[in-house]
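Q: Under this note's numbering, the first residue of the sequence shown carries the number 5, and numbering increases by one thereafter.
Positions of the beta carbon are idealized from the N, C-alpha and C atoms, including for glycine.
Since this is a predicted model, take the numbers as computed values, not measurements.
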Amino acid sequence: MAFYERDVDVMISADAVQAKVRELAAQITKDYAGKDVTLIGVMKGSVFFLVDLAKAVDLPVTIELMGVSSYHGGTETTGEVRITHDVSKPLHGRHLILVEDIVDTGLTMQFLLENLGARHPASIKVAALLEKPARAKVKIPIDYKGFVIEDKFVVGYGLDYGEKYRNLPFIGVMNAG
Ligand code: IMP
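In structure tokens form, the structure reads like this:
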């Protein structure tokens with residue numbers, strides 16, 4: 005029995021995740037043809053998505069990471085967002101895609117879009133693997149959206165529950181038993 009099987013059920017298979025990432029990457033490749041693009045991943049949850057997306061995009065890509073603390077290991081978001089790690093290069097004049105694992109309440113993305121927008125990039129778009137619209141507190145335009153999911157707490161492919169399960173290659177849902 006695999007280590008997760010007692011606690012986690014598969015919601016979106018690893019193959020389905022990979023196929024979707026390739027689809028989003030193909031769209032990005034088309035939309036940004038002839039341009040350089042900076043992918044900004046939000047730590048730690050988006051790093052798996054960021055890496056796979058970056059590998060599948062056929063463009064000159066630069067990578068940045070941001071750390072925010074909006075979430076403290078339980079199943080609820082506090083709404084308070086703080087930058088714990090900032091990008092390493094100026095973003096002025098660059099084409100940015102903010103890469104996020106999941107848009108839940110939308111508060112993290114709202115904060116980041118405002119914060120990054122103030123640095124005068126050439127453009128800024130959002131890629132999110134998952135969206136949980138049932139819990140949205142603000143409307144975030146997601147330009148590259150993977151899957152819309154129901155209001156369940158999910159783990160895997162970067163998403164954690166108390167720092168656990170990030171390394172699952174699929175999106176899973178915590179089960180009752
Ligand atoms: P927000 O509520 O849209 O600001 O989401 C903030 C962060 O909460 C996300 O980037 C995730 O790291 C985390 N989060 C939200 N929903 C889930 C979930 O179902 N599983 C794991 N983490 C989640």
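Is it the case that the CB of VAL55 approaches a heavy atom of the ligand IMP more closely than 6 Å?
A: Because no heavy atom of the ligand IMP lies under 6 Å away, the Cβ of VAL55 does not count as near it: no.
Q: Compute every distance between the C-beta of VAL130 and the non-hydrogen atoms of the ligand IMP, then say whether any falls below 6 Å.
A: No.
Q: Classify GLY38 as buried or exposed, calling it buried when 16 or more other Cβ atoms lie within 10 Å of its own Cβ.
A: Classification of GLY38: exposed, given that the 10 Å Cβ count is below 16.
Q: Please identify the residue among ASP40, HIS99, LYS48 and ASP164 whose C-alpha is closest to the C-alpha of ASP62.
A: Considering only alpha carbons, the answer is ASP40.
Q: Quick one: which unbroken alpha helix (DSSP H) runs of 4-plus residues sit fully inside the segment 9 to 48? Chain order, please.
A: Whole alpha helix (DSSP H) segments, 4+ residues: 18 to 35.
Q: Taking 7 Å as the threshold (C-beta atoms), are VAL177 and LYS156 in contact?
A: Yes, Cβ-Cβ distance for LYS156 and VAL177 is below 7 Å.
Q: Quick check on LEU100: does DSSP put it in helix, strand or coil?
A: DSSP places LEU100 in strand when its eight states are reduced to three.
Q: What are the partner residues of GLY176, as DSSP defines its beta bridges?
A: DSSP, once it has assigned bridges, lists VAL14 and VAL159 as partnering GLY176.
Q: Measure the CB-CB distance between VAL107 and ALA132 and report whether it falls below 7 Å.
A: Yes, Cβ-Cβ distance for VAL107 and ALA132 is below 7 Å.
Q: Is ILE106 near the ligand IMP, in the sense that its beta carbon is under 6 Å from a heavy atom of that ligand?
A: Within the cutoff, so yes.
Q: What does MET70 pair with, by DSSP beta-bridge criteria?
A: In DSSP, MET70 forms a bridge with VAL46.
Q: So, with DSSP's three-state summary, where would you put VAL55?
A: Three-state DSSP puts VAL55 in a helix.
Q: With 16 other CB atoms within 10 Å as the buried threshold, where does HIS76 fall?
A: Note on HIS76: pLDDT 49, under 50, position unreliable in the model; the coordinate value appears next. It is exposed - the Cβ of HIS76 has fewer than 16 other Cβ atoms within 10 Å.
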